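Working notes, structure below.
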Amino acid sequence: AAAESQLEQQQQSQAQQLDELRHAQAAALAQGLAQQKQQYQALIESTRQRFHEEISVAKQSAQQQKLFVSRTLEDLERERTQRAADMEHLIDQRVADELLK
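If you're matching positions, the sequence shown starts at -4 in our numbering and goes up one per residue.
Put into structure tokens, the structure is as follows:
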């Protein structure tokens, strides 16, 4: 009976040790998962920030290009108007010169 009791105690002790080991493994796994989650969250945040910056730069660039095109069109329109006025003046001059002959 004493041997059975000792065997039972040994089995209980082993079961308790196994249980403690499982708890320790579960805690370590949970801690590892929590660290991974933090790393992923940091990665997601830095990626989101980088995309936000890239989008901002792209918007700014598009705005500058739009402004450039707008200014170029204004310049071309001004140049065209000036040339038309110059041609008109030249024609008037020639007509005047012809009439004076």
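From the three backbone atoms N, C-alpha and C, an ideal C-beta is built for every residue, glycine too.
Since the structure is predicted, the reported quantities are computational estimates derived from the model, not experimental observations.
- Residue range -3 to 95 is occupied by the alpha helix (DSSP H) that includes K32.
- The straight-line gap separating the alpha-carbon atoms of I39 and A57 is approximately 26 Å.
- The alpha-carbon separation between I50 and K61 amounts to approximately 16 Å.
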